[in-house]
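In my numbering, the protein residues as written are 160 to 361.
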């Protein structure tokens with residue numbers, strides 16, 4: 160008798176991985192504090208000062224952001240077709256948590272409560288689109304991987320037929336990609352203006 164894995168249980172597992180990565184990011188900052196705060200100058204006063212009056216070429220920035228985001232989509236989808244697809248999705252959730260932990264920790268160490276507000280301004284509003292898109296992407300990759308290597312664990316009739324499964328999932332992948340593109344556009348055209356305005360009163 161095989162155990163089936165529901166969406167809720169996967170999301171909870173990814174949340175735990177994200178939180179675990181977040182704690183790891185905080186630990187990494189405390190171990191290599193001088194690297195992030197001095198050598199790397201992450202979120203330093205001088206770097207933020209440059210951002211205040213930086214004029215962003217929205218079109219070029221959008222192209223760069225979109226290539227990065229779509230590159231992640233392609234990589235995870237390709238890994239999902241291999242036997243390590245499941246661990247790859249888990250590693251992605253862990254990595255995102257680690258980066259969030261480092262970023263928020265650096266901001267709070269440098270600026271206290273103002274740093275936390277700075278992080279919120281930096282990730283809004285585009286993350287309202289990117290976070291759901293990432294969850295949809297991880298769901299899609301997880302289902303694809305199980306359909307290819309462990310169809311019995313899905314517990315749904317017909318999911319073992321790989322071609323039918325893939326055709327059913329293509330519209331969801333396209334929808335996720337559309338949301339990701341929209342989030343990238345907001346990040347490229349809207350967020351720089353909001354961040355620049357906030358830094359002028361920071």
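Glycine included, each C-beta is placed from N, C-alpha and C at the ideal position.
All of these numbers come straight from a predicted model, not from anything done at the bench.
Contact between the segment 225–237 and the segment 266–273 is absent: fewer than three C-beta pairs spanning the two stretches fall below 8 angstroms.
Annotation: the continuous alpha helix (DSSP H) that includes residue 275 extends over 272–282. In this chain, the alpha helix (DSSP H) harbouring residue 298 covers 286–308. Fully enclosed alpha helix (DSSP H) runs of no fewer than 4 residues occupy 217–239 of the segment 217–267, in order along the chain. Around the C-beta of residue 242, fewer than 16 other C-beta atoms lie within 10 Å, and the residue is accordingly described as exposed. Note on geometry: alpha-carbon atoms of residue 282 and residue 211 lie some 16 angstroms from one another. Around the Cβ of residue 192, a 10 Å sphere holds fewer than 16 other Cβ atoms; the residue is exposed. Judged by DSSP in its simplified three-state form, residue 191 adopts coil rather than helix or strand. Here residue 180 has 253, 256, 257 as same chain residues with Cβ atoms under 6 angstroms from its own Cβ, once five neighbours each way along the sequence are excluded. Where residue 358 is concerned, the enclosing alpha helix (DSSP H) starts and stops at 350–358. In its chain, beyond the 5 residues on either side, 335, 338, 339, 342 have a beta carbon closer than 7 angstroms to the beta carbon of residue 292.
Between residue 328 and residue 302, the C-beta spacing is below 8 angstroms. When the Cα atoms are used, residue 185 and residue 266 turn out to be separated by approximately 11 angstroms. The shortest CA-to-CA distance from residue 330 to any of 296, 348, 359 is the one to 296.
Of the other Cβ atoms in all chains shown, 16 or more fall within 10 Å of the Cβ of residue 169; this residue is therefore buried. Here residue 361 is not near residue 279, since their CB atoms are 8 angstroms or more apart.
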